[in-house]
Every structure is written in C-alpha cells, then in structure tokens.
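Peer 1: Here you go, one structure.
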Amino acid sequence: DMEPGQLRYSTMCNERGGIVDDVTVYKFDEEHFMVVTSSGPRLKTYRWISEHARGASAYATDVTAGIALPVVQGPRSRKFLKTIVEGVDLDGLRFFRFAPGRIGGVEVLISRSGYTGELGYELYTPADQAAVLWEFLLNKGREFDLRPYGVEAMQSLRIEKSLPLYGPDISEDDTPFHVGLSRWIRLEKRDFVGREALLRLQERGLERRWTGLTLESEVPATAGAKVYSVGDVATFREVVETGAEAGEYEDTLMPGERQVGRVTSSAMGHSVGRMLAMAYLDTAHSWPGNNVIVEINGRPIPARVSQTPFFDPESARIRSEPAEDERRSEPRPVPTTNSRQNVPARQSSNGGAGS
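Residues 1226 to 1580 in our numbering are what the sequence shown spells out, letter by letter.
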C-alpha cells in the first residue's frame, strides 16, 4: 500500500516476534525497494532478508559501501536547502517522502526524514562524492549558521523524542509491543514472520515496557543501570573518606532483592532541561507518575516515570509546513533551570549538520 517516492519505518521480526532490526523502507516502484538498516546489525539483517527472499522471486544486494548519508536537520533546514537543491520542490516534499535531485552538481536522493525529531532531510549520495557534498553544504550553510553535530547531540535529541536505537534499546529479545512500536504492526496481514507469536503476546499481555524516566541527577545513567521500586530500596548515609569530598556525607544504596527494570539509554535533554533516561520496567511499575530509584555510580537517584516523547509530543516540528518555517526558524527553546539541570550530557555514522 506504499506509493513510489514514499518511505516507511517498520520492524523485522523473528519467529518469536523479537526484533531482528528496525528499518526504513523506500519504494521506487512496484519491483524496486531500498531497505535502510540500523548500522550495528546490518550484516545480520542483510542475511535475514536474503534468506527470506529465497523462493519469492526477489533478491537483495548490499550497496552500503557505495552510498554515503550526509544529513541536514533543524528548523532552518528547508529554508537553507531550497537555496541549493535542484530538481526537487522541497515545499511540496511531504514528511516520509523522497525524490532524486542535485546539490552542487552531485546527484542525491533527498529524503524528508531523520533521527532528531526536527524538520530535516537525509541526503543519499554516491560515497565517492560525499566529501565534495559535505564541503559544499558547510560552505553554503554559513549564512544559515549551519554546523556539524555529533553522536552526543543526536543521542540527546533522539532520547527527547523517545526514538529507540538498535543495540542499547532493541534486541531480538524485545518485540515491537515491548518498545511501543505496535502502531507499525498490521496483524491483519497473514504473511509476515513472527505474526503468530505477536498474536499470542497480545493476548497474554506484557510483563515489561520501554518507558521514559526523568532523573534527579547531574549525570546520565549508564546502560544497564538497575531500577528499583521506592519500597524495595533502603539508603543510609556514610562519610566520604578520601578525595575532594572527604568528610562529607553521601547517600549509599542498599537495594532489595527484586529489581524492577534497567536503563537502556540516558542523556541530558537540553530542550526540556532535565536529565532523561529510557528503561525497561516491569509493567506494574511503568505507569506515568510512578516514582522509582535508579542506581547511578552506586548511589540511589530518584526518578519518575514520564509520558513519552518528552519533547514535542505532537511532532509538530518534524511535520511543519513551509508556511511555518519563519516561525520555527529559531533553535529549540532551552528552559531556564537551576544548575542541577543544566549539566551537559539512526543516524548513519556519516555526517550530520544542523541548522
């Protein structure tokens, strides 16, 4: 039911309903598609697609080495790219649509998509032209204050939008139901791998959910940090004997016997002014407003289950229309907070730039 020029986010599941990978599928025509995998499980996903294509009059080709993926994200990305893109009407290019065009003489496939929760575009281009395109973008983007951004910035942005990352947040032990991706499952289809297992899980119910947390902390939690219910944790105060804090008191954690969850990702949410985390919690403890304890560096840190996404829940920024570009041309607002909250913290490994 996809149209040529449309892309769709989805999951590939194994027979148990576990997520082999979360992917984006691009439709060129009725017989040609491009599947963009997560970077970590790429080879595994390629093998999975190839094996399941046997006997289906279909085949897959891994073209990863020949394609680079610079991206331009941010509220001024459309305004900037309109000054340099040839062959594509960016005002008419809707969210999750793509079209071929040119930038600085380089052929690109321009996709209105991204991994930041902002208006943005992903630019698929031949790998041997990527450096030329990158320099062209940076040079032309100076008047729009275009700057490169890295993994830490992307981590903060994607956690604010509760976008999962394969590896830390998703594995084959997790189903789309656990990660909150059930809206991408069409159980009325009878021909996809894992359907029967997902139907059984839907009937049985979930024992855990991927959930958002706001932390009362100046540092992010590490992946795998343990989460306890407030009633299952005892704390006591002891004197620090060495180091810069010698003579001061600190809270020490004495957990109970039962852990109720684990953190998968954490970062400072600069737009919301809070330290954030995503975690799998037992379903009984996953309701918004519930207070829990996260163990960070051996200390008990209060946290609260939050509604997700933390920022722009209506996705108004990523779906913004051209008429809104001037109004949304300023960067994300940074809340005025106390010093405790102001501590700094799938996109391709290719470059990203924000404007």
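Backbone N, C-alpha and C define an ideal beta-carbon position, used for all residues, glycine too.
Give every residue of the same chain whose Cβ lies closer than 6 Å to the Cβ of residue 1383, excluding the five residues on either side of it in the sequence, and list them in chain order.
Peer 2: Excluding positions up to five away in sequence, the list reads 1340.
Peer 1: How far does the alpha helix (DSSP H) with residue 1421 in it extend, from its first residue to its last?
Peer 2: Here the alpha helix (DSSP H) through residue 1421 covers 1420-1429.
Peer 1: Along the chain, where does the alpha helix (DSSP H) that runs through residue 1378 open and close?
Peer 2: Start and end: 1376-1385.
Peer 1: Could you give the DSSP three-state label for residue 1491: helix, strand or coil?
Peer 2: Three-state DSSP puts residue 1491 in a strand.
Peer 1: Of the choices 1297, 1386, 1320, 1438, whose alpha-carbon is the least far from that of residue 1537?
Peer 2: Checking every option, the nearest Cα to that of residue 1537 belongs to 1386.
Peer 1: How big is the Cα-Cα spacing for residue 1570 and residue 1379?
Peer 2: Low confidence applies to residue 1570: its pLDDT is 30, below 50, so where it sits in the model is not reliable enough to give any reading.
Peer 1: Does the beta-carbon of residue 1227 have 16 or more other beta-carbons within 10 angstroms, so that it is buried, or is it exposed?
Peer 2: Exposed: under 16 other Cβ atoms inside 10 Å.
Peer 1: Can you tell me whether residue 1282 is buried or exposed, with buried defined as 16 or more other CB within 10 angstroms of its CB?
Peer 2: Exposed, by the Cβ-count rule.
Peer 1: Leaving out five residues before and five after residue 1236 in sequence, what residues of the same chain have Cβ atoms less than 7 Å from its Cβ?
Peer 2: Excluding sequence neighbours, residue 1236 sits near 1244, 1247, 1401, 1406, 1409.
Peer 1: Going by DSSP, what residue range makes up the beta strand (DSSP E) through residue 1516?
Peer 2: 1516-1521 is the extent of the beta strand (DSSP E) around residue 1516.
Peer 1: Evaluate residue 1502 with the Cβ neighbour count: other Cβ atoms within 10 Å of its Cβ, from every protein chain shown; 16 or more gives buried, anything less gives exposed.
Peer 2: Its Cβ being crowded by 16 or more others within 10 Å, residue 1502 is buried.
Peer 1: Which residues bound the alpha helix (DSSP H) around residue 1401?
Peer 2: It spans 1401-1404 - the alpha helix (DSSP H) in which residue 1401 sits, taken as one unbroken run.
Peer 1: For residue 1435, does the three-state DSSP call read helix, strand or coil?
Peer 2: The answer is strand: DSSP assigns residue 1435 an E or B state.
Peer 1: Suppose only complete runs of 3+ residues qualify. What are the beta strand (DSSP E) ranges in the segment 1227-1266, listed by chain order?
Peer 2: Fully enclosed beta strand (DSSP E) runs of 3 or longer: 1231-1238, 1244-1252, 1258-1261.
Peer 1: Can you tell me whether DSSP reads residue 1203 as helix, strand or coil?
Peer 2: This structure does not reach residue 1203, given that the chain is present from 1226 up to 1580, and the question cannot be answered.
Peer 1: Starting from residue 1305, trace the beta strand (DSSP E) in both directions and tell me its first and last residue.
Peer 2: Looking at the DSSP string, residue 1305 is not in any beta strand (DSSP E); the run it does join, the alpha helix (DSSP H), is 1302-1306.
Peer 1: Give the C-beta separation of residue 1260 and residue 1232 to the nearest angstrom, bearing in mind that I take them to be a contact with Cβ-Cβ under 8 Å.
Peer 2: That belief does not hold up - the Cβ atoms of residue 1260 and residue 1232 are roughly 10 Å apart, past 8 Å.
Peer 1: Any idea what DSSP makes of residue 1347, helix, strand or coil?
Peer 2: Residue state, collapsed to three classes: strand.
Peer 1: For the beta strand (DSSP E) containing residue 1501, list its first residue and its last residue.
Peer 2: 1499-1507 is the span of the beta strand (DSSP E), which, as asked, contains residue 1501.
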